[in-house]
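One structure is given here, and the rest of the page talks about it.
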Amino acid sequence: MLRSSLIGAFITLALIIVPLVHFLTVWFASFLGGFVAGSRIYADQATSIKIGAIMSLVLVVPIIGIIYIANTIFSIKAGFSLIFVVSLLLTLYVGGLGILGASLGGSIARKTKN
């Protein structure tokens, strides 16, 4: 499960980082990552929640780093509170879409397996 979650997190990062497709894929990258992770291990609902949680925890460090760098470059006065709130919201977004993707991917994988 950890390996599938890491693959899902990597897919999310890859879809966000690639500049040509970034503006189109950033919104559903976590869903696609969760879908791949969930379909690899035939995830049920409980496993889907774990996959989404692991994906969001893996991606929290890059999220905080990017927001910190942007805050430093643009000298936003809100400081730590802004970094914390935006990081929390993005982490919940990644986790939520990861859960939905893993749930759908696991469901489809289980149906096609039978």
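Sequential numbering of the sequence shown, starting at 22, is according to our numbering. Heads up, the beta-carbon is just placed ideally off N, CA and C, and yes, glycines get one too.
- Query: Which value, in whole angstroms, describes the spacing of the CA atoms of GLY73 and SER128?
  - Reply: Position 52 of the sequence shown, counted from the start, is the residue given in the question as residue 73. Position 107 of the sequence shown, counted from the start, is the residue given in the question as residue 128. Straight-line Cα distance between these residues: approximately 15 Å.
- Query: Taking the alpha-carbon positions, what's the ILE21 to PHE101 distance?
  - Reply: Outside the shown range of the chain (22 to 135) lies residue 21, about which nothing can therefore be said.
- Nearest residue (CA-CA) to SER69, options ASN92, PHE44, MET22, VAL107: On the sequence shown, position 48 is the one that residue 69 refers to. Checked all of ASN92, PHE44, MET22, VAL107; the closest Cα to SER69 is MET22.
- Task: Pull up the distance between the alpha-carbon of SER124 and that of ILE104, whole angstroms please.
- Result: Working through the sequence shown from its first residue, we reach residue 124 at position 103. Working through the sequence shown from its first residue, we reach residue 104 at position 83. Those two C-alpha atoms are separated by around 30 Å.
- Query: For the candidate residues PHE44, ALA58, LEU27, TYR114, whose alpha-carbon lies nearest to that of VAL79?
  - Reply: Within the sequence shown, residue 79 is the residue found at index 58, counting from 1. Proximity to VAL79 across PHE44, ALA58, LEU27, TYR114 peaks at LEU27, based on C-alpha coordinates.
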